[in-house]
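Engineer: Dropping the structure in here first, questions after.
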């Protein structure tokens, strides 16, 4: 499936470095076509060729920026942030394009190959490995940001790629951390005369409570007490983190080995099945958790917090808030969290102007406005003192609390392809009553075959947590 | 087929066109054509023998093929593609044939043309727009159009595109809808070319309608049928747009191809490998195999075209 | 494909027997009408959805007739980049169509009216390419265009020229126009040449008008097919300002955010040009397709 057999473990940097570009030299290496008529190109790595003049001079510099298409954030970016940035930087103009996340990777790669790449892009962390490997994005100049100081040790450690190598650099940083949360429908809660604080704090009580709020039409669930269809992965990862702790909560035994067959994994899958079969809080009719919740047909749902933007955009009529998911014991970790990466400058476009825009986007003014609609607790610690992010905000308290170290378990992130492999286990378990352990074992084998070729430097393991005890302290 | 010329004997022809226009046009068009189609095709074969990713390029022989045959997703994509064709082709052909037979009973050409045109309309409207509209009609639970319609006749909601079981079927239903008018048109042309004399003769012999259908229509429609089946098969194998715009992998924002890859067809596999992930050598190997498969199908189509137009 | 002449029967007196004979025919007609109605449901649905308000679009159960009728969705959908997408589609499809029609007619003319072995080879060379699925050579085609861009030093990717380039010589078109050339009598050409007209003038003045019918079919079909393209523009049109409407629509439906009200209006507007063309020119389309059954 993947062709990285040539790369030694943990060292994804090939020796040839055609694309690492000084500030203004526009290069066009990646896709330079060794066509059939040019077999000579076969022996060497594609060489940089035909430099084109890059934007420079006294004219106002126009920066092209691709943002992942998210309506609530788009408006803010377009109407508030860009004018603010342009006001502070006379001579710089920013034009924005919004690209759906699922097209972003392909578009970045083909545009880069053709020399049409934008200056600054927002990327998903799952692309980071590919983009770094393909030299599609440029390293962040050291003097621009002190990552450990501004974002903490864990981020400072994980995002310096290649991990643990002397020549490692930062390429993109997380805007913040998502986490699983309980979303509640405020109107329904009021209707049943509950306050947020009365939502039970342990799973058993929570399920019993939600059961009373579930209504049925025949066999089908009409109003779900706790909607999970499509979001079961979140529920399972909360379970895993809570039960497994920092040790078994990370699925990776090493950067090239994943374990999906531990007891905590199997019982976690069963835990999610129980919501359907034992508690009957939701059903398998195919209505997603978002759809049910958004249409006022679910009192609560479990969801990753990026749903903040989704729900408020897609279902503006629903009043909602978030709270911490229930627990088994009252000690951290309270659940899993994962990064929202981030902004990057395209290689070949790493001009001063582009970095200026980058630094603005990775600065408090932009991140403050970005964090809640995106559903992340910002990485910039300077923002944590502000009211929205100190845990007191209604909509935000769950994640603000959970995503501050040491409360949440960050298990890093993996490539798109590995994510796809891991995603194949749940459907057969849910829909075809496949044996949990056998299914997980099959997926584990597939994943480990993949990992043999592409170890995931970006996955955090128990060894990482052991080596960095400070991550489990508030300073981490 | 009034305009069809007798198959020309090439032996008596001059090697080159006699007049200057032809001597310019053919080489220019030929070169252009070579660069735009055959050169890329050759390059696909060539690249398939290399490890090629941005910044990395070296010869690895048949390793890409070996890896591909071992790649579970490749095998899944192949099986999805074949399953898809096996569902899509019979359904679309049957639907087209039934509509064509009904259309053929209409004797007034005006009325028939109106009906033909209304069925055919679905075929010409832009697929992207239609597929997206259908995606919303397929919304699961009580919210989508289809489930509402099913609800009216007392059928439980179907999860459509959201479920592994139904996702591929949902795409098939859209395609049947889209293609019926087109295939019906091809069938209709075949039906109309059956000489009326044969029916009359059969009627004189006292054959019941069913017998006329069985012994006159079916045998004489066979060439059209074969032709239509091949066109439909090829179309099914090349399906990309519907998959791209309609199906999403569950929970993963950056890929398509349905829950648990249930709609991950080969064309999409090649696209993701070669374009999205930039595994250019590996993606080319996948393209080569797909090329060979489809060319086999298309070659048969080609023979039929020749038979139809060049006798 | 010759259309069959209609047998005109003399009127016969209406009898019960004849009426009974008509029953299956009428039943078929009714059945056909019902099937056609079922097939029309998606269009009906789109039509009413495009004039509903957001709130009503989310209603459970959905409404069959808009309670509040609004046309506001259309200007709102148009207001963003949509107009630009439409323009790009027209340029892309229109330009391809004009070029394809010209090259196909010219090549068809040379192939039939100036026959040679080279021409025969060329024709098979072209036809065999019609069998090659586009997706299999998409990546190298992109690389070839990159190479051209490098060698010539002018942008090709992300330009109209680059979008149109792969379609300039089109097997389907050549096939169709070559067939049409059989219908042009050689005597006319001889007469023109005796009058001293150049070969190209003969083609343009004498031959092309005679194959107008086929050329029209080709133009309409190739416009429709190019307007419908997704895969190639997805790769070659990299900047939003170059998106045709297909790519624009596919992106309109982002992964997480869909403005359903705007989407329906946009989808309808995207279909409209094709619907108009179809309404007025379907005779050509239906004939062109029925004859060839070969998609360009």
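Chains as they are written, first to last, in our numbering: chain P, 17 to 492; chain V, 16 to 326; chain U, 11 to 306.
All C-beta atoms, glycine included, are put in the ideal place defined by N, C-alpha and C.
#1: Among residues of its own chain, excluding the 5 on either side of residue 204(V), which ones have a beta-carbon nearer than 8 Å to its beta-carbon?
#2: Going along chain V, which residues have a C-beta under 7 Å from residue 122(P)?
#3: Answer with buried or exposed for residue 50(P), where buried requires no fewer than 16 other C-beta atoms within 10 angstroms of its C-beta.
#4: Where residue 472(P) and residue 319(P) are concerned, what is the direct C-alpha to C-alpha distance, given to the nearest angstrom?
#5: Below 9 Å on C-beta distance, what does residue 288(U) contact in chain V?
#6: Are the C-beta of residue 521(P) and some C-beta of chain V separated by less than 8 Å?
#7: Measuring only the C-alpha atoms, how far is residue 103(V) from residue 76(U)?
#8: Which residues in the same chain as residue 286(P) place their Cβ atom closer than 7 Å to its Cβ, once the five residues preceding and following it in sequence are excluded?
#9: Residue 427(P) lies in the beta strand (DSSP E); which residues open and close that run?
#10: Per DSSP, what kind of secondary structure is residue 338(P) in: helix, strand or coil?
#11: By the criterion of Cβ-Cβ separation under 7 Å, what are the contact partners of residue 168(U) in chain P?
#12: Kindly say whether residue 475(P), judged by its beta-carbon, lies nearer than 8 Å to any beta-carbon of chain V.
#13: Considering only their Cβ atoms, is the gap separating residue 244(P) from residue 173(P) smaller than 8 Å?
#14: Based on the DSSP output, what are the partners of residue 66(V) in its beta bridges?
#15: How would you list, in chain order, the residues of chain P whose beta-carbon sits under 7 Å from the beta-carbon of residue 179(V)?
#16: Report buried or exposed for residue 242(V), applying the criterion of at least 16 other Cβ atoms within 10 angstroms of its Cβ.
#17: For residue 82(P), name the three-state secondary structure that DSSP assigns.
#18: Pull the bridge partners of residue 394(P) from the DSSP assignment, please.
#19: Give the residues of chain P in contact with residue 6(U), contact being defined as C-beta atoms less than 7 Å apart.
#20: What do you reckon, are the CB atoms on residue 177(V) and residue 155(V) nearer than 8 Å?
#21: Here's a check: name, in chain order, each residue in its chain whose Cβ is nearer than 8 Å to the Cβ of residue 39(P), leaving out the five neighbours to either side.
#22: Less than 8 Å between C-beta atoms, sequence neighbours within five positions excluded: which residues of the same chain meet that for residue 152(U)?
#23: Can you pull the chain U neighbours of residue 311(P), defined as C-beta to C-beta under 9 Å?
#24: Could you confirm whether any beta carbon from chain U is found closer than 8 Å to the beta carbon of residue 213(V)?
#25: At which residues does the beta strand (DSSP E) containing residue 355(P) begin and terminate?
#26: Grab the span of the alpha helix (DSSP H) containing residue 237(P) for me, first residue to last.
#27: What number of angstroms, rounded off, separates the C-alpha of residue 225(U) from the C-alpha of residue 56(U)?
#28: Straight-line CA distance for residue 153(P) to residue 403(P)?
#29: Apply the 10 Å Cβ neighbour rule to residue 214(P) and answer buried if 16 or more other Cβ atoms are within range, or exposed otherwise.
#30: Going by alpha carbons, who is nearest to residue 176(P) out of 187(P), 166(P), 168(P), 167(P)?
#31: Three or more beta-carbon pairs under 8 Å between the region 102-120 of chain V and the region 231-243 of chain U, yes or no?
#32: Based on the DSSP secondary-structure assignment, which residues constitute the bridge partners of residue 113(P)?
#33: In chain order, what residues of the same chain lie with their CB nearer than 8 Å to the CB of residue 35(U), ignoring the 5 residues before and after it?
#34: Assuming residue 255(V) and residue 199(V) form a contact by the criterion Cβ under 8 Å, report the distance between their Cβ atoms to the nearest whole angstrom.
#35: Consult DSSP for residue 152(P) and reduce its assignment to one of helix, strand or coil.
#36: Taking the beta strand (DSSP E) that residue 320(P) falls in, what are its first and last residues?
Structural biologist: With the structure as the only source:
#1: 239
#2: 290, 291
#3: Reliability fails at residue 50(P), whose pLDDT of 37 lies under 50, so the model's placement of it is uncertain and the value that follows must be treated cautiously. With 16 or more other Cβ atoms within 10 Å, it is buried.
#4: 25 Å
#5: 132, 135, 136, 139, 140
#6: Look at the range of chain P in this structure, 17 to 492, and you will see that residue 521(P) is not part of it.
#7: 34 Å
#8: If the five residues before and after residue 286(P) are omitted, its C-beta is found closer than 7 Å to the C-beta atoms of 452, all from its own chain and listed in chain order.
#9: Residue 427(P) -> no beta strand (DSSP E), and no H or E assigned at all.
#10: strand
#11: 130, 132
#12: no
#13: no
#14: Looking at the DSSP assignment, residue 66(V) forms a beta bridge with 73(V).
#15: 443, 447
#16: Classification of residue 242(V): buried, given that the 10 Å Cβ count is 16 or more.
#17: strand
#18: 192(P)
#19: The displayed coordinates of chain U run from 11 to 306. Any statement about residue 6(U) would go beyond what the structure contains.
#20: yes
#21: For residue 39(P), the pLDDT reaches just 36, beneath the cut-off of 50, and the residue's location in the model is therefore unreliable, although a value from the coordinates is still provided. These residues qualify, in order along the chain: 366, 367, 368.
#22: 167, 245, 246
#23: 68, 70
#24: no
#25: 351-357
#26: Careful: residue 237(P) lies outside any alpha helix (DSSP H), inside the beta strand (DSSP E) at 236-243.
#27: 33 Å
#28: Straight-line Cα distance between these residues: approximately 35 Å.
#29: exposed
#30: 187(P)
#31: no
#32: Secondary-structure assignment with DSSP links residue 113(P) through a beta bridge to 82(P).
#33: none
#34: About 24 Å separates the two Cβ atoms, so there is no contact after all.
#35: Coil at residue 152(P), not helix or strand.
#36: 314-320
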